[in-house]
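A.B. asks: Numbering (our numbering), first residue to last: 352 to 1032.
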């Protein structure tokens, strides 16, 4: 078998080779190589992974010799084959532990690798997904991880590399020869000034930038005026900055002078930057006095297919971020697209994490792009009698009717679910106040509390004076959060649905049909109370038109008027029983709604003084809402009202306003407000 594996030897498998192979297998799986496990001794577990399979060897030190207990090998499926090298090695550890669980559970286990991948994963602060599940699996064993040199260990060379943060291979691209990457030029076009209509302030001067290689510019490079080059990006400046960079100077010096890879002892006390670069020593080169890294475009083993990436000093990384993210030619694209563009020209260790962090801290991206909005748990407000709390809202605009009506004023008693809907010509505060007094209060009396949204009509001084005069407690929901006025908002949808069925032919007569559909609604059993609104409000159900044309059974003479006191007592008893039953139904229904709503709710809390984004989907006349940012800010939380509402302010001069927590998200940008102090709250 050794003979057919020699260099320049023809591989021919014959009977003699098969016999030798069987003898080798027999020797490895029998004494003295193979031994029985001794439960009072610690176990040794060696793992390895290739592109297609994983393997492991379980052994013990017995009588001073390391004896094999068992072997394991397993092919990877198509998904596991897509893992990066480090994750494949970790997969080998997990599979080996599961295979030898009956040996290793409750025993001391020495896990031997030639890299700290397992230690890195065990020390991960916030594991998620697959990593979290693997950590849970490792936690069930008494593991001691030790390092063993690669020449003594059969593990893959990639296991000795720094644990990666992504399983995605980041090396892809097209071939570019060395002379195309000798020099990098950043060209700028004319500045463009634009006005932001929302803030009425000019935006900062922005630049159109493109990156050119020498092969693209040709002879034009020398003719380019110095004013068109970014300061500090000419070859002399790059060389000087690389030499002055504390992390890169040692690497550059060795490559320029000694040419040999330094020993590990010389870099072991250095920074993580130097250690990462040291592991990639074979891919480093000096070109035109500047430090580059070979970037393999497809297969790393294809040594001729690569680009040269300029190693960027820390002092120049912000400039790269600016011209590959902030300017219009970069388009504020996400971290993945930004990485794919940058790595065609530049490199520095942990480049992906720094790019992701920069995009996450970008105010423009956070204001425009969709942020995850976790809804807060549902709040409950229970009422105990009619007219205790009445919700009010305006529905419309609807088609203008022959009676010149365009809106519907809706009032809903939150306990009895009795609802009134009045057709009105406009939504002025005077019209609304007159309708409420003449049509509602004159019939049912003044409610204890009147709840509305922050509509202009309900916030007018006339409406406030009316509530003060009638001793009505006026409350309101937070802006752009209709869930706080859910009963009337839900009825609006039902009312529109009912009107739709009878306005198909003529949409201008909806105000004539409105009283009839309201009768139908109030005579139907409500799901929340288990009673009809008529029964809840008046203690009896109304006489429906259909009852006048159908035969009625014989019974007592209903025309005989009962005694007044007896009738009143019976009516009060009937209403009292209905209300008790309704309270029970309301409580059960409220608990059910909260349980169902809170299934996907996330309880969050904001701190006073914390900077936040505010979600604002309002539309402004003359501005296309599709081209405006939905998130405004940063604002500052100045006071906590309750668990779900907060008082926030944009600046020291602007007054505060109360918002629901569903519209607020923590600000993670680079420019947090500094004007607020917690002692001012």
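Backbone N, C-alpha and C fix where the C-beta goes; we use that ideal spot for every residue, glycine too. These figures come from a predicted structure and were not determined experimentally.
Per DSSP, residue 1017 forms a beta bridge with which residues?
C.D. replies: Taking the first residue of the chain shown as 1, we reach residue 1017 at position 666. Answer by DSSP bridge pairing, in chain order: 963.
A.B. asks: According to DSSP, simplified to helix, strand and coil, what is residue 426?
C.D. replies: Along the chain shown, one-based indexing puts residue 426 at 75. It is a strand residue.
A.B. asks: With respect to the beta strand (DSSP E) encompassing residue 990, which residues constitute its N-terminal and C-terminal limits?
C.D. replies: As a working note, residue 990 is residue 639 in the chain shown. Per DSSP, residue 990 belongs to the beta strand (DSSP E) from 982-991.
A.B. asks: Could you give the uninterrupted runs of the alpha helix (DSSP H) lying entirely in the segment 768-834, keeping only those of 4 residues or more?
C.D. replies: Segments of the alpha helix (DSSP H) lying fully in the segment 768-834: 780-786, 807-810 and 812-820.
A.B. asks: Give me the Cβ distance between residue 784 and residue 821, rounded to the nearest whole Å; I'm assuming they're in contact under 8 Å.
C.D. replies: Here residue 784 corresponds to residue number 433 of the chain shown, with the count starting at 1. Here residue 821 corresponds to residue number 470 of the chain shown, with the count starting at 1. The Cβ separation is near 10 Å, so there is no contact.
A.B. asks: From which residue to which residue does the alpha helix (DSSP H) around residue 625 run?
C.D. replies: By one-based count along the chain shown, residue 625 stands at place 274. Looking at the DSSP string, the run of the alpha helix (DSSP H) that includes residue 625 is 623-630.
A.B. asks: Starting from residue 641, follow the beta strand (DSSP E) in both directions and report where the run begins and ends.
C.D. replies: For the purposes of this step, residue 641 is identified with residue 290 of the chain shown, where counting begins at 1. Start and end: 641-647.
A.B. asks: Taking the alpha-carbon of residue 400 as reference, which of 698, 434 and 647 has the nearest alpha-carbon?
C.D. replies: Counting from 1 along the chain shown, the entry for residue 400 is found at position 49. With distances taken between Cα atoms, residue 400 lies closest to 434.
A.B. asks: Could you spell out the range, first to last residue, of the alpha helix (DSSP H) harbouring residue 406?
C.D. replies: For the purposes of this step, residue 406 is taken as the residue at position 55 of the chain shown. From DSSP, residue 406 is part of no alpha helix (DSSP H) but of the beta strand (DSSP E) over 404-413.
A.B. asks: If you reduce the DSSP assignment to three classes, tell me which class residue 749 lands in.
C.D. replies: Taking the first residue of the chain shown as position 1, residue 749 is located at position 398. Correct three-state label for residue 749: coil.
A.B. asks: Roughly how many whole angstroms lie between the Cα atoms of residue 442 and residue 405?
C.D. replies: If you number the chain shown from 1, residue 442 lands on position 91. If you number the chain shown from 1, residue 405 lands on position 54. Rounded to the nearest angstrom, the two C-alpha atoms are 8 Å apart.
A.B. asks: Cutting at 7 Å between CB atoms, please list the residues of its own chain near residue 795, excluding the five before and the five after it.
C.D. replies: Within the chain shown, the letter at position 444 stands for residue 795. Excluding positions up to five away in sequence, the list reads 738.
A.B. asks: Would you kindly report the start and end of the unbroken beta strand (DSSP E) that includes residue 717?
C.D. replies: As a working note, residue 717 is residue 366 in the chain shown. Element bounds for residue 717: not the beta strand (DSSP E) but the alpha helix (DSSP H), 714-719.
A.B. asks: Tell whether a beta-carbon distance below 9 Å holds between residue 599 and residue 628.
C.D. replies: On the chain shown, residue 599 is found 248 positions in, with the first residue counted as 1. On the chain shown, residue 628 is found 277 positions in, with the first residue counted as 1. Their beta carbons are under 9 Å apart, which means residue 599 touches residue 628 by this criterion.
A.B. asks: Helix, strand or coil: which one does DSSP assign to residue 1010?
C.D. replies: Your numbering for residue 1010 matches position 659 in the chain shown. The answer is strand: DSSP assigns residue 1010 an E or B state.
A.B. asks: Do residue 965 and residue 991 come within 9 Å of each other at the CB atom, strictly closer than that value?
C.D. replies: Taking the first residue of the chain shown as position 1, residue 991 is located at position 640. Taking the first residue of the chain shown as position 1, residue 965 is located at position 614. In this structure, residue 965 does not lie closer than 9 Å to residue 991 by Cβ.
A.B. asks: Residue range of the beta strand (DSSP E) that residue 761 falls in?
C.D. replies: Taking the first residue of the chain shown as 1, we reach residue 761 at position 410. Here the beta strand (DSSP E) through residue 761 covers 758-764.
A.B. asks: Can you name, in chain order, every residue of its own chain whose Cβ lies under 7 Å from the Cβ of residue 388, other than the five neighbours on each side?
C.D. replies: On the chain shown, position 37 is the one that residue 388 refers to. Answer for residue 388: 411, 420 and 454, listed in chain order.
A.B. asks: In the structure shown, what three-state DSSP assignment does residue 970 receive?
C.D. replies: Mapped onto the chain shown, residue 970 falls at position 619. Of the three classes helix, strand and coil, the one that applies to residue 970 here is coil, per DSSP.
A.B. asks: Can you tell me whether DSSP reads residue 455 as helix, strand or coil?
C.D. replies: On the chain shown, position 104 is the one that residue 455 refers to. If DSSP states are grouped into helix, strand and coil, residue 455 belongs with the helices.
A.B. asks: So residue 742 packs on residue 836, CB below 8 Å; how close in whole Å?
C.D. replies: Looking up residue 742 in the chain shown gives position 391. Looking up residue 836 in the chain shown gives position 485. Right, their Cβ atoms sit about 6 Å apart.
A.B. asks: Here's the rule: buried if 16 or more other CB atoms are within 10 angstroms of the residue's CB, otherwise exposed. What is residue 1012?
C.D. replies: Translated into positions along the chain shown, residue 1012 becomes position 661. By the neighbour-count rule (16 or more Cβ atoms within 10 Å), residue 1012 is buried.
A.B. asks: Could you give the residue range of the beta strand (DSSP E) that holds residue 1000?
C.D. replies: Reading the chain shown from its first residue, position 649 is the one you call residue 1000. Taken as a continuous stretch (DSSP letters only), the beta strand (DSSP E) holding residue 1000 covers 996-1000.
A.B. asks: Tell whether a beta-carbon distance below 9 Å holds between residue 830 and residue 1010.
C.D. replies: Start at 1 with the first residue of the chain shown, and residue 830 comes out as number 479. Start at 1 with the first residue of the chain shown, and residue 1010 comes out as number 659. Yes; because the gap between Cβ atoms is below 9 Å, this pair is in contact.
A.B. asks: Look at residue 1007 and residue 1000 and say whether their C-beta atoms are less than 9 Å apart.
C.D. replies: The residue labelled residue 1007 in the question sits at position 656 within the chain shown. The residue labelled residue 1000 in the question sits at position 649 within the chain shown. Their beta carbons are under 9 Å apart, which means residue 1007 touches residue 1000 by this criterion.
A.B. asks: State yes or no: is the C-beta of residue 860 within less than 9 Å of the C-beta of residue 752?
C.D. replies: Within the chain shown, numbered from 1, the residue matching residue 860 stands at position 509. Within the chain shown, numbered from 1, the residue matching residue 752 stands at position 401. Their beta carbons are under 9 Å apart, which means residue 860 touches residue 752 by this criterion.
A.B. asks: Determine the DSSP secondary structure at residue 883, reduced to helix, strand or coil.
C.D. replies: For the purposes of this step, residue 883 is identified with residue 532 of the chain shown, where counting begins at 1. Here residue 883 sits in coil by DSSP.
A.B. asks: Which full runs of the beta strand (DSSP E) of 3+ residues lie inside the segment 357-405, going along the chain?
C.D. replies: Whole beta strand (DSSP E) segments, 3+ residues: 394-400.
A.B. asks: Suppose you measure from the CA of residue 361 to the CA of residue 368; what does that come to, to the nearest Å?
C.D. replies: Within the chain shown, residue 361 is the residue found at index 10, counting from 1. Within the chain shown, residue 368 is the residue found at index 17, counting from 1. Computed Cα separation, rounded: 13 Å.
A.B. asks: Can you tell me where the beta strand (DSSP E) holding residue 450 begins and where it ends?
C.D. replies: The residue you call residue 450 lines up with position 99 of the chain shown. No beta strand (DSSP E) contains residue 450, which is instead part of the alpha helix (DSSP H) from 436-450.
A.B. asks: Could you give the DSSP three-state label for residue 636: helix, strand or coil?
C.D. replies: Here residue 636 is taken as the residue at index 285 of the chain shown, counted from 1. It is a strand residue.
A.B. asks: Taking its Cβ as the centre, do 16 or more other Cβ atoms sit within 10 Å of residue 848, making it buried, or is it exposed?
C.D. replies: Taking the chain shown and counting its residues from 1, the one referred to as residue 848 is at position 497. Exposed, because fewer than 16 other Cβ atoms sit within 10 Å of the Cβ of residue 848.
A.B. asks: How far does the alpha helix (DSSP H) with residue 593 in it reach, from first residue to last?
C.D. replies: The residue labelled residue 593 in the question sits at position 242 within the chain shown. Element bounds for residue 593: 586-595.
A.B. asks: Give me, in chain order, the residues of the same chain whose beta-carbon lies closer than 6 Å to that of residue 485; leave out the 5 immediate sequence neighbours on both sides.
C.D. replies: Taking the chain shown and counting its residues from 1, the one referred to as residue 485 is at position 134. Same-chain partners within the cutoff: 445.
A.B. asks: How is the alpha helix (DSSP H) around residue 660 delimited, first residue to last?
C.D. replies: Taking the chain shown and counting its residues from 1, one reaches residue 660 at position 309. Here residue 660 belongs to no alpha helix (DSSP H); instead the beta strand (DSSP E) covers 657-662.
A.B. asks: Going by alpha carbons, who is nearest to residue 1005 out of 697, 987, 624 and 1018?
C.D. replies: Position 654 of the chain shown holds residue 1005. Of 697, 987, 624 and 1018, the residue nearest in Cα terms is 987.
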